[in-house]
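In numbering that gives the first Met the number 0, the protein residues as written are 0 to 429.
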Amino acid sequence: MKQDMIVILDLGSTENTTIARQIRDLGVYSEIHPHDITVDELKALDNVKGIIINGGENRIVDGVAIDVNPAIYDCGYPIIAIDHEPAKCDKKYADMPSEADIKSFLFDTCKAEANWNMKNFIDDQVEIIRRQVGDKKVLLALSGGVDSSVVAALLIKAIGKQLVCVHVNHGLMRKNESESVVEIFRNKLDANLVYVDATDRFLGKLENVADPEQKRKIIGGEFIRVFEEEARKLEGIDFLGQGTIYPDIIESGTKTAKCVKSHHNVGGLPEDLQFELVEPLAQLFKDEVRACGVELGLPAEMVYRQPFPGPGLGVRCLGAITRERLEALRESDAILRDEFAKAGLDKTVWQYFTVVPDFKAVGVRDNARSMGYMCVIRAVNTIDAMTATIERIDYDILEKIADRITAEVPSINRVVYEITKKPVATIEFE
Ligand code: XMP
């Protein structure tokens, strides 16, 4: 690591991430570490320039106030402490220090250099990956989502054809999504890409399955089986690339931070398929992952795409999936995305998609009564997906979308706009 680092020691504050972000935004790399890190562990981190001991409301664990290792105070690094009575430090703050205070700590006290940027990050990681992997091969499940795409591009830069990407098309991808993965990675980046069209296999397993959780289980389970079969066909793979990012690690919980969700690696791969993990994005926040993708030359549509659930269109083709409704869903979703992009809404709305329920409504087409599917438009804004508000879309735009969908997708004869917040609704319908 060539870049200077500020270490935040987590002593039960909920603000660790905010401070880490703030320091990185000032151009200095920062990492959060557990309060009981030893001096040796600290020294093993390259280029540490200073320490922030960050106390807070979760400092009492099992009735006892936790503290940092006392030897930390004597290890020679500049230290500031927040909400905590330290044995010895350069400065203490009862509350979050101001930006000016943080700047002064970074640049005056620690003499840190503002050298945290994506170009340096990529250079560092390329070296680290090459050192870890040597002349061995790395396998990566490339879904086409932001994280797996950026990891793929970074690994390609570091080890080229020693990376084997496997893209499983489960038949529940959006229009042209799998095609663009092949186009970008195989044709433009010259990746070693195995493309598996498993559409028939997934849709076969999903036939007549209406329960949402059952559908999710089938899609997730089948995905692992297909990936495993491909992995077994390949020879001499020692490593598995993963798009783990910093929030995945933070949300798994430290000793004081509550576990939000368990970070599971390749949940479900069989025991005899043992790989060492390569996780070069593990220290990046989501927007840094996107910036890394841009720096690596990935197209904006891929790097800035909206969140898309793992089970894909499977949970938007409500009830038991049929090919006809899936097609209507894929086409209506493509029209919605096209019109949102034309109106600039793709840059502002967090997530937007169509849903096709499994019943038919009465309509009139070519002067005759006809039955058709209904298409629901959902467009929401949120920070963390735990709560969501609806986007107030201009009626002219909505009407244009409805006209296009009913004209271009013959099996749909009604378009409705969903206006329910989360809670009480969820973002997805299943
Ligand atoms: P809900 O519907 O729970 O969605 O309000 C919150 C966010 O999570 C996404 N989502 C999923 N993502 N697998 C995923 O990878 C899933 O099974 C799944 N279900 C919901 C959803 O798209 C939204 O962004």
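Yeah, the Cβ is synthetic: ideal placement off N, Cα and C, and Gly gets one too.
What you are looking at is a predicted structure, and each value in this text was computed from that prediction instead of being measured.
Contact test: residue i Cβ vs ligand 1 heavy atom, cutoff 6 Å
i, result
"residue 425", "yes"
"residue 211", "no"
"residue 309", "yes"
"residue 241", "no"
"residue 430", "Here the chain comprises residues numbered 0 to 429, so residue 430 is not present and cannot be evaluated."
"residue 421", "yes"
"residue 173", "no"
"residue 384", "yes"
"residue 350", "yes"
"residue 77", "no"
"residue 306", "yes"
"residue 215", "yes"
Residue i to residue j span [Cα, whole Å]
i, j, result
"residue 381", "residue 367", "43 Å"
"residue 424", "residue 114", "44 Å"
"residue 111", "residue 30", "14 Å"
"residue 127", "residue 140", "21 Å"
"residue 385", "residue 58", "26 Å"
"residue 318", "residue 100", "56 Å"
"residue 222", "residue 297", "25 Å"
"residue 336", "residue 36", "48 Å"
"residue 352", "residue 15", "34 Å"
"residue 238", "residue 377", "40 Å"
"residue 365", "residue 218", "39 Å"
"residue 422", "residue 428", "12 Å"
"residue 12", "residue 104", "19 Å"
"residue 226", "residue 232", "10 Å"
"residue 230", "residue 39", "38 Å"
"residue 420", "residue 387", "6 Å"
"residue 142", "residue 391", "31 Å"
"residue 326", "residue 3", "52 Å"
"residue 370", "residue 235", "55 Å"
"residue 348", "residue 332", "15 Å"
"residue 473", "residue 357", "Outside the shown range of the chain, which is 0 to 429, sits residue 473, and nothing can be said about it."
"residue 166", "residue 145", "14 Å"
"residue 362", "residue 324", "17 Å"
"residue 208", "residue 228", "24 Å"
"residue 91", "residue 7", "14 Å"
"residue 406", "residue 205", "29 Å"
"residue 321", "residue 116", "47 Å"
"residue 148", "residue 45", "28 Å"
"residue 284", "residue 305", "16 Å"
"residue 82", "residue 88", "13 Å"
"residue 54", "residue 244", "25 Å"
"residue 72", "residue 24", "27 Å"
"residue 67", "residue 287", "30 Å"
"residue 157", "residue 135", "12 Å"
"residue 375", "residue 416", "6 Å"
Whole-Å CB distance - residue i paired with residue j, under 8 Å assumed
i, j, result
"residue 181", "residue 161", "Actually they do not touch by this definition, with Cβ atoms about 20 Å apart."
"residue 33", "residue 9", "6 Å"
"residue 338", "residue 396", "6 Å"
"residue 26", "residue 108", "Residue 26 to residue 108, Cβ: 16 Å. No contact."
"residue 280", "residue 242", "6 Å"
"residue 47", "residue 76", "6 Å"
"residue 121", "residue 154", "The Cβ separation is near 11 Å, so there is no contact."
"residue 389", "residue 418", "5 Å"
Is it a yes or a no for the segment 336 to 343 touching the segment 189 to 202, going by three-plus beta-carbon pairs under 8 Å? no
Hey, which unbroken runs of the alpha helix (DSSP H) at 4 residues or more fall wholly within the segment 12 to 41? Taking only runs of at least 4 residues, the alpha helix (DSSP H) segments lying wholly in the segment 12 to 41 are 15 to 24.
If you scan the segment 166 to 220 from start to end, which runs of the alpha helix (DSSP H) of 4 or more residues do you find wholly inside it? Within the segment 166 to 220, the complete alpha helix (DSSP H) runs of at least 4 residues are 176 to 180, 198 to 205.
Counting only runs of 4+ residues fully inside the segment 70 to 110, write out the alpha helix (DSSP H) ranges in chain order. If we require 4 residues or more, the alpha helix (DSSP H) runs fully inside the segment 70 to 110 come out as 98 to 102.
If you scan the segment 331 to 357 from start to end, which runs of the beta strand (DSSP E) of 3 or more residues do you find wholly inside it? 350 to 354
If contact is defined by three or more beta carbon pairs under 8 Å, each pair taking one atom from either stretch, is the segment 169 to 179 in contact with the segment 307 to 324? yes
Touching by the beta-carbon criterion (3+ pairs, under 8 Å), the segment 84 to 100 and the segment 266 to 285: no
Beta strand (DSSP E) runs contained entirely in the segment 359 to 428, provided each spans 3 or more residues: 359 to 364, 367 to 380, 411 to 416
Within the segment 122 to 161, ranges of the beta strand (DSSP E) (whole runs, at least 3 residues): 136 to 140
Entirely within the segment 260 to 316 and at least 4 residues each: give me those alpha helix (DSSP H) ranges in chain order. 285 to 294, 299 to 302
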